[in-house]
Amino acid sequence: MSTRRRLRDALIAVAMAAGILVPFVGSSTLRWSPPPLPPASVALSGAKVAAGTRGTPGTGRPSLIRPMARSVPTSLYIPRISVRAKIISLGLTPSGAAAVPPLSTPFLTSWYDQGPTPGQPGTSVILGHVDSARVGPAIFYNLGELRPGDLIYVTLEDRQTAVFRVYSAALYLKADFPTRTVYSYTSWPTLRLITCGGEFDRATGHYLGNTVVFAQYIGQHAAANGP
Amino acid sequence: MIYLDVKLSSAVVGNDLAFADPAAGYSQGRWGIPIPGGRLMRLASSVAATAGLTMAALASAAPVALASAARPHHSPSAVISNPDVSVTPNPSAPGTATTFVVLCNSLTAGGNATAATLNASTLGLSSQISMQPGTQPGEFEATVNLPQTIGPGSFSPTISCNNGVTQTATFDVSAVPSQAPATGGGSTSTVTDGRLTVAGLGLLGIAAGAGGVVLRRHRSGRRI
Numbered sequence: 000m001s002t003r004r005r006l007r008d009a010l011i012a013v014a015m016a017a018g019i020l021v022p023f024v025g026s027s028t029l030r031w032s033p034p035p036l037p038p039a040s041v042a043l044s045g046a047k048v049a050a051g052t053r054g055t056p057g058t059g060r061p062s063l064i065r066p067m068a069r070s071v072p073t074s075l076y077i078p079r080i081s082v083r084a085k086i087i088s089l090g091l092t093p094s095g096a097a098a099v100p101p102l103s104t105p106f107l108t109s110w111y112d113q114g115p116t117p118g119q120p121g122t123s124v125i126l127g128h129v130d131s132a133r134v135g136p137a138i139f140y141n142l143g144e145l146r147p148g149d150l151i152y153v154t155l156e157d158r159q160t161a162v163f164r165v166y167s168a169a170l171y172l173k174a175d176f177p178t179r180t181v182y183s184y185t186s187w188p189t190l191r192l193i194t195c196g197g198e199f200d201r202a203t204g205h206y207l208g209n210t211v212v213f214a215q216y217i218g219q220h221a222a223a224n225g226p
Numbered sequence: 000m001i002y003l004d005v006k007l008s009s010a011v012v013g014n015d016l017a018f019a020d021p022a023a024g025y026s027q028g029r030w031g032i033p034i035p036g037g038r039l040m041r042l043a044s045s046v047a048a049t050a051g052l053t054m055a056a057l058a059s060a061a062p063v064a065l066a067s068a069a070r071p072h073h074s075p076s077a078v079i080s081n082p083d084v085s086v087t088p089n090p091s092a093p094g095t096a097t098t099f100v101v102l103c104n105s106l107t108a109g110g111n112a113t114a115a116t117l118n119a120s121t122l123g124l125s126s127q128i129s130m131q132p133g134t135q136p137g138e139f140e141a142t143v144n145l146p147q148t149i150g151p152g153s154f155s156p157t158i159s160c161n162n163g164v165t166q167t168a169t170f171d172v173s174a175v176p177s178q179a180p181a182t183g184g185g186s187t188s189t190v191t192d193g194r195l196t197v198a199g200l201g202l203l204g205i206a207a208g209a210g211g212v213v214l215r216r217h218r219s220g221r222r223i
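What follows is the structure, given as structure tokens:
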């Protein structure tokens, strides 16, 4: 019995075992394709905007448009990814993160109620889940598909609708989350849409990253009919 | 002079209610400052006469002192919505450049202010921040960067003008998330699960061992 032949047989056995195991493990976790992520180029432009202009949008501001009065946001419409969602008001979790709706309501979004309302000067923040165990893809599953120029409509309690235009999108590691870039005050009204992204750590039950969409206020939508 | 100021002011405080009504008749003084006439003027004259001061001294002191009587004395709670101080943005946030603008030319003080100081010690900043002159006389402003570590809540730094006016600039600081939000259950994700990896490697090891045993038996059987 040659050593070479024994080695060959062992390799065959390992290959057979792997061939059985890998599809088994894979099929149980890849029931849906992973959520789309911002491409590197868009993420890069986000970093540039953040570094170059301290978090304010790089493009020119509309001079005739005035910021809006404070009014709590109630619903969200993003035509590009066919998202229509209700918005609830939530604050901070005990650990200091912006709270999100429970996973049992995967199609609700939440507005961070310690900051400005959409259309007010400053950075308003709306969060939503990317997926949940019960339903699979959740409300912000396709958030990473948004590109500069896409529009976001946020309707407020006073029935006014603030319109935002996306100027950047990026994927950040949670461990290195740039809270200043994302949450810092901007003199012009801006909006951040945030969901999870990247790889999922099943041991901790959390994604390793966050997809963040940056948008700037471009005016009010005609109030009567809504978007 | 100072004595006269104090004397007049204290004399006027007692008659406060008589002059609290803005509708009371005013006349323009020499310096364009409204002077309430009638009873107050008589009171001031008598006080001045008692002090034995010249008319020149009265002329220079009276407008300021008398004008103080025209300003209603509010309860302390009215200071919170003081229209002579503005804070932008309000609410502010940690790390945000925040601008304080104060109008020092209060009628309750002695003359125009030429300087003002912001005491920002309650914000974790200097207690002596010199303010820059603003766009109109008596207006001063200062912009400070709030510390990243400042907690959420209501803050009331004080501003001292050098004409004796002290203003309280009450504003709110909102909380900013310090962590990344948890926004997914992971059902559509690719996997990086340590337990599954360990289990998979274990199964592979067992399979390899079993394969080896089978092959050995196979070979030993063939030898017979």
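Taken in sequence, the protein lines are chains A and Z. Numbering of the first sequence is given in numbering that gives the first Met the number 0, commencing with residue 0 and proceeding in unit increments. Numbering of the second sequence is given in numbering that gives the first Met the number 0, commencing with residue 0 and proceeding in unit increments. Every residue gets a Cβ at the ideal spot worked out from N, C-alpha and C, and that includes glycine.
DSSP state of residue i mapped onto helix, strand, coil
i: Y182(A); result: helix
i: T165(Z); result: strand
i: S159(Z); result: strand
i: S85(Z); result: strand
i: D171(Z); result: strand
i: S74(A); result: strand
i: E144(A); result: helix
i: A112(Z); result: coil
i: L89(A); result: strand
i: T121(Z); result: helix
i: G197(A); result: strand
i: G184(Z); result: coil
i: G211(Z); result: helix
i: V134(A); result: coil
i: R38(Z); result: The predicted position of R38(Z) is uncertain, since its pLDDT is 48 and thus under 50; a value taken from the coordinates is nonetheless stated next. Of the three classes helix, strand and coil, the one that applies to R38(Z) here is helix, per DSSP.
i: S219(Z); result: helix
i: A96(A); result: strand
i: H220(A); result: strand
i: L36(A); result: coil
i: L10(A); result: helix
i: L202(Z); result: helix
i: A16(A); result: helix
Residues that residue i bridges to, as DSSP identifies them
i: L192(A); result: I125(A), V212(A)
i: I149(Z); result: For I149(Z), which the question treats as bridged, DSSP gives no partner whatsoever.
i: P132(Z); result: F139(Z)
i: R164(A); result: L150(A), Q215(A)
i: R83(A); result: Y76(A)
i: F99(Z); result: V86(Z), A141(Z)
i: V170(A); result: Val is not the amino acid found at residue 170(A); the sequence shown has Leu there. According to DSSP, which records beta bridges pairwise, L170(A) is partnered with T210(A).
i: F236(Z); result: Only positions 0 to 223 of chain Z appear in this structure, which leaves residue 236(Z) out of reach.
i: S91(Z); result: V172(Z)
i: L228(A); result: Summary: the structure shown does not reach residue 228(A), with chain A confined to residues 0 through 226, and so no result is reported for it.
i: Q178(Z); result: A96(A)
Residue from the options whose Cα sits closest to the Cα of residue i
i: R133(A); options: G121(A), S103(A), Q119(A); result: S103(A)
i: T98(Z); options: S129(Z), G184(Z), G152(Z), A112(Z); result: S129(Z)
i: S32(A); options: L207(A), G196(A), T92(A); result: G196(A)
i: A206(Z); options: V71(A), A12(A), T154(A), L170(A); result: A12(A)
i: S85(Z); options: G94(Z), V101(Z), A92(Z), P93(Z); result: V101(Z)
i: M67(A); options: V153(A), D112(A), R179(A), T180(A); result: V153(A)
i: A16(A); options: L202(Z), H217(Z), E138(Z), V213(Z); result: L202(Z)
i: P78(A); options: V162(A), T116(A), P38(A); result: V162(A)
i: S74(A); options: R65(A), P35(A), T116(A); result: T116(A)
i: S126(Z); options: S155(Z), G110(Z), E138(Z); result: S155(Z)
i: A174(Z); options: T187(Z), I149(Z), G184(Z), A96(Z); result: I149(Z)
i: P35(A); options: L6(A), E198(A), I217(A); result: E198(A)
i: G204(Z); options: R3(A), Q119(A), L10(A); result: L10(A)
i: P136(A); options: H217(Z), S186(Z), S177(Z); result: S186(Z)
i: G94(Z); options: P136(Z), R215(Z), P176(Z); result: P176(Z)
i: G110(Z); options: N89(Z), S120(Z), P136(Z), S91(Z); result: P136(Z)
i: Y182(A); options: H220(A), P120(A), R158(A), I217(A); result: P120(A)
Where the beta strand (DSSP E) through residue i begins and ends
i: W110(A); result: 108 to 111
Beta carbon proximity, residue i to chain D, threshold 8 Å
i: T157(Z); result: Looking at the structure shown, chain D is missing, and the protein chains on hand are A and Z.
Residue i Cβ short of 7 Å to the ligand MG heavy atom set
i: V99(A); result: Ligands in the displayed structure: none, and consequently the ligand MG is not present.
Below 8 Å, can you find three or more Cβ-Cβ pairs linking the segment 142 to 153 of chain A to the segment 175 to 189 of chain A?
no
Would you check if there are 3 or more beta carbon pairs closer than 8 Å linking the segment 160 to 170 of chain Z to the segment 80 to 99 of chain A?
no
Does the segment 154 to 173 of chain A come close enough to the segment 210 to 217 of chain A to have 3 or more Cβ pairs within less than 8 Å?
yes
When the Cβ atoms of the segment 200 to 215 of chain Z are set against those of the segment 123 to 142 of chain A, are three or more pairs found closer than 8 Å?
no
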